[in-house]
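Peer 1:
Chains as they are written, first to last, in my numbering: chain A, 852 to 1419; chain B, 805 to 1501.
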């Protein structure tokens, strides 16, 4: 074919998206980190020769959305094009030039075709351990959070840097897994590269300029068409959340203008002492994600479709933490960014965005060990167990919120049976939390109860990463707030929402994760929906009376029908 | 297998019920409309039709093999019985909380599918097992008795029991069944430790509930069917096709109806595997494309690839995660929302998108001229010259090319600055690319190189797209069998009796327990053999063994096949080296220093497949005489070309034709691009190869 046909461009764009999805699949299957395989905490992308992202896999976390788009230009700048050769593999875990914390390793591979650099592949995965204090918020600076790998060559013309591998091995707790993951990342890029070359041969391409223009032009025009169809304006959004020790104010001003949407975080709290600070690249990722969901959900992520969404923040605001701020748990704040932006969008784009939800994931890590208060039985062991859990999502303008479902993260929970195979932990309860969804014309999604203990003979520390203890999700348009997070031991001993805490032998931790808030006036809720909630026990009789004004005879009638197994 | 000369295969599909009678190796078939209210009526009707054709008395039928979409449809349409779940206290919402994730990241108005049972039909009892199987909280009989009374008052027809860790220790589930049997005689009970004894509570509970939910309906139907067939003179054993590609007794089917889900497509894969065997092919990609979906399956050594879990009733554009998981042994098929009726449109990025939305049969593609205004894949195929407007479906439907062109121009061409032909090319390329991508990903996931594969194409739309798919996938050879319209029903007749038993028991290779492994395999084998023996009192029964292994810390297991000897005298070193070999093949390298663990154990018992006679090589013969010629657009060369037209009926063994050509038959049309040629095998299969390679028969 002398000239590439329009139909060929259609096919090639399709193909590139399939290639990055395939790359991501390969990683999910080979990575060792729980958060990669259960939470989809990974990403893969294809880039043109200039380092512009052409396609990105849709994975479980939006946290890599822009970070990946920005990363490759950093690599080009740091390594230098003149030093790039066939067989090279580059690596970093720089939180500011990668994806926001040391626990994400990004690997970039240049793609050569007939001796010429034609593009790049990149992928990122959350790894099990990077040394330092371990995964948690307890560090006072990034230096305590683990090994830092600046942008550098992992392999030069096919030759792996043994010195680097030795340094990595010597600084982390699970060297085999980590080195295994780095190779898995490199393999994942290699798969993408081979498929790209197959495609270039099939369509007789010598470079990616044509297809790149086609993708970026169409994406830019589609995104701008969406933005320019909105009514221009500006509005403020604000939300206060628990933070580590002191509450954090998130403040944003959203500007809808011709050809761009800008989020300015002026007025937001400064850095926290602990590792919940957020590099700007991660703030951009969640902000863009929130805006794209509301404005251009079906346009895939690439350099052009992301460019019109601009993010600004003062230096060393908590959403623009500079080196050397501690950033390991940047997700706790990052997951709250969409709800803050939606407070502004609810004014600018009525009837589009949900009420506030649980926001950040309700994750915790349990470190189990033989009891130390008395002799431990022979068969006791030490073990680390990480779990991913979700509260309720906010009610939507025309739909209830989703029960125990992650938003904005796309995390998947692990089956309790699988978790209990990992170590001597016992999850005594994991079920929906009645009355936790905020009342409204549309109800907030329910949070969940979890009760966690250890097998006989064990004690444990629990590393809590919860927010919304003091700042539950707030409703919109008259909807009521969701229930806050609670945490305590089964004997009533109080516990904190964040940080590592000891749980003695025989005790359980009783947790209630937050519900989403309601949307619209509860008085406008359809009676049939209230009856269904009551029949299923999503709300109790008391809640139905207090929040929806249902009288006792009606309540009794519904509960009697529910007991007979009737459907509503 | 008993001495059976006449056998009947019956496949109840969404639109048609296919009936195939085989007498002494000869086949008669018919298609009758599915009779939803009483599906057995269509079977009786079809049976009489084929018996008449073959001049055989129904009494001579020695065996009826049946597959049906009724189980799947009951789940999709939520037409099951009034069902309750009894589960562990603290875990009432497992089927509602699912994986706590969203299957579509960017949709703020996402709706999660409703769980099969509403919350007030889910009951809890105080009890708890540890992951090791040790009892943490004993179950109190009095509590079950109280619950039983409550369940009786609510008049449930069927009860599912799913307790935590029952795959390791099932005593509490069995205790509940005993009490329910005493207190609620006549109410059907399904235990998770029997229906799907695998770790992962969401999948296991959901599978058990699905089983309970469709059990009364399926049992009732199977009883009626047996009575009707008897009344019509066919007093023979009836067997059911299951999702794993084998057949089980009608009693087992009534007890575990969830195993019947997806039995139709499984029959298609078995059909392709049988063709593969007859042609001595070791590696085959089966490609089945109909009106709304296409299905792809990898077949190796005559055996379709299987999986342990799949998803039914997807609610959101075929999106993974939008349906419900069923964990039973199943033939591993990739389903794509791409068929002749799939509709095309242009999205906001000026990209052509095809499917999964389908025009269905009403109004159908624009060319049916029944009011359909949007272009479907069939419209593109027509404009490209792949279909003859006057000879579609044996001439029964006259196609209107002008309507197709108008639809393509209006919905695609105008936006993309393309004429109808170029738009049609775009639609065909996008749908073929979607299928090719799915096949590539599936092959990569299984560590397979498709260039070593032969395609077998069947279903109404497959032969129209098979050649282009082969070009895209680098597949050199494709067989298009006869009888492809009733492929699933023929497949039923080729399936062995089989039953696969699975268990989830975690074991690190470092802590390998020879005694436990030996006992486990032996228990599972006798369970699986028991089911097969109930189908046939005398047949030889074989068994195959598999374990699923991974590095500790990974979440994805790979299946490792064991020989009988490796399973019966197990040792850790052998298991490890088998795992490492397969891991290296799949992922390119092994990981040093990591512990390896076994998560799932599986034994499949089956009767030996009937020996097949290899199709003898055929001597090359003359070129088939073309009956005409028309313009065909060939995407492989990116331009239109003059193609010969030939009738499939004119292909005597060995005769051939070179592309570009079009071979027509009543049920479908075979498109032969410039790159390929075709000749007829002795069994009537059309054998499509890259030009110049046909001598390598």
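Just so it is clear, CB atoms sit at the ideal spot from N, CA and C, and this is done for glycine as well.
These figures come from a predicted structure and were not determined experimentally.
Any idea if residue 1482/B is buried or exposed, counting beta-carbon neighbours within 10 angstroms, 16 or more meaning buried?
Peer 2: With 16 or more Cβ atoms within 10 Å of its Cβ, residue 1482/B is classed as buried.
Peer 1: On the criterion of 16 or more Cβ atoms from any shown chain inside 10 Å, does residue 977/A qualify as buried, or is it exposed?
Peer 2: The residue in question, residue 977/A, is buried, as its Cβ has 16 or more Cβ neighbours within 10 Å.
Peer 1: Which same chain residues end up closer than 6 Å to residue 1151/B when comparing Cβ atoms and leaving out the 5 residues on each side of it in sequence?
Peer 2: Excluding positions up to five away in sequence, the list reads 1157.
Peer 1: According to DSSP, is residue 1213/B part of a helix, a strand, or is it coil?
Peer 2: helix
Peer 1: Report the CB separation of residue 1373/B from residue 1438/B in whole angstroms; it is logged as a contact under 8 Å.
Peer 2: The pair is not a contact, with the Cβ atoms about 58 Å apart (cut-off 8 Å).
Peer 1: What residues of chain A sit near residue 1396/B, judged by a beta carbon separation below 8 Å?
Peer 2: 1027
Peer 1: Report the CB separation of residue 870/B from residue 1045/B in whole angstroms; it is logged as a contact under 8 Å.
Peer 2: Contact flag correct, Cβ pair sits at about 7 Å.
Peer 1: Can a CB atom of chain B be found closer than 8 Å to the CB of residue 1418/A?
Peer 2: yes
Peer 1: Decide if residue 1055/A is buried, meaning its Cβ has at least 16 other Cβ atoms within 10 Å, or exposed.
Peer 2: Exposed: under 16 other Cβ atoms inside 10 Å.
Peer 1: Could you check where the beta strand (DSSP E) with residue 1412/A kicks off and where it finishes?
Peer 2: Here residue 1412/A belongs to no beta strand (DSSP E); instead the alpha helix (DSSP H) covers 1403-1414.
Peer 1: Assess, as a yes-or-no matter, whether the stretch 1270-1277 of chain B is touched by the stretch 1130-1144 of chain B under the definition of 3 or more beta carbon pairs within less than 8 Å.
Peer 2: no
Peer 1: At which residues does the alpha helix (DSSP H) containing residue 1224/B begin and terminate?
Peer 2: 1224-1249
Peer 1: Mapping DSSP to helix, strand and coil, what is residue 1002/A?
Peer 2: coil
Peer 1: Taking just the CA atoms, how far does residue 1335/B sit from residue 1053/B?
Peer 2: 8 Å
Peer 1: In angstroms with no decimal places, state the Cα-to-Cα distance between residue 1161/A and residue 917/A.
Peer 2: 11 Å
Peer 1: Is it right to say residue 1202/B is buried, meaning 16 or more other beta carbons lie within 10 angstroms of its own, or is it exposed?
Peer 2: exposed
Peer 1: When we look at the beta-carbon of residue 1024/B and count the other beta-carbons within 10 Å, is it buried (16 or more) or exposed?
Peer 2: exposed
Peer 1: Would you kindly work out how many angstroms separate the C-alpha atoms of residue 853/A and residue 1058/A, rounded to a whole number?
Peer 2: Confidence is the limiting factor: at residue 853/A the pLDDT is only 43, short of 50, which leaves the residue's position unreliable, though a coordinate-based value still follows. When rounded, the distance between both Cα atoms is 14 Å.
Peer 1: Short of 8 Å in beta carbon distance, which residues of its chain neighbour residue 1380/B, apart from the five on each side in sequence? Order them along the chain.
Peer 2: Excluding five sequence positions before and after residue 1380/B, the CB atoms of its chain that fall closer than 8 Å to its own CB belong to 1313 and 1400, given in chain order.
Peer 1: Quick one: Cα of residue 971/B to Cα of residue 1403/B, how far?
Peer 2: 12 Å
Peer 1: Would residue 866/A count as contacting chain B if we go by Cβ distances under 8 Å?
Peer 2: yes
Peer 1: Enumerate in chain order the residues of its own chain whose CB-to-CB distance from residue 988/B is below 7 Å, with the five nearest sequence positions on each side excluded.
Peer 2: 952, 955 and 956
Peer 1: Are the stretch 1171-1189 of chain A and the stretch 1129-1146 of chain A in contact at 8 Å, needing three or more beta carbon pairs?
Peer 2: yes
Peer 1: Taking Cβ positions only, does residue 1442/B come closer than 8 Å to chain A?
Peer 2: At least one chain A Cβ lies under 8 Å of residue 1442/B.
Peer 1: Can you list, in chain order, the residues of its chain whose CB lies under 7 Å from that of residue 1254/A, leaving out five sequence neighbours each side?
Peer 2: 1243, 1283, 1296 and 1297
Peer 1: Any idea what DSSP makes of residue 1012/B, helix, strand or coil?
Peer 2: helix
Peer 1: List, in order along the chain, the chain A residues whose C-beta lies closer than 7 Å to that of residue 886/B?
Peer 2: 1416
Peer 1: Who are residue 1157/B's beta bridge partners in DSSP?
Peer 2: 1149/B, per the DSSP bridge assignment.
Peer 1: Give the residues from the stretch 1383-1397 of chain A that approach chain B closer than 9 Å (Cβ to any Cβ), ordered along the chain.
Peer 2: 1383, 1386, 1387, 1388 and 1389
Peer 1: Give a yes or no on whether 8 Å exceeds the smallest Cβ distance from residue 853/A to chain B.
Peer 2: Residue placement at residue 853/A is poorly supported in this model, since its pLDDT is 43, which falls under 50; the coordinates are not used for a value here.
Peer 1: What is the DSSP secondary structure of residue 1047/B, reduced to helix, strand or coil?
Peer 2: Coil.
Peer 1: Express the C-alpha separation of residue 1045/A and residue 1032/A in angstroms, rounding to a whole number.
Peer 2: Taking the straight line joining both Cα atoms gives about 20 Å.
Peer 1: Quick one: Cα of residue 975/B to Cα of residue 830/B, how far?
Peer 2: 51 Å
Peer 1: Closer than 8 Å, CB to CB, is residue 1034/A near chain B or not?
Peer 2: yes
Peer 1: What are the residues in the stretch 933-953 of chain B lying within 8 Å of chain A by C-beta distance?
Peer 2: 934, 935 and 940
Peer 1: Looking at the structure shown, is residue 1101/B part of a helix, part of a strand, or coil, going by DSSP?
Peer 2: strand
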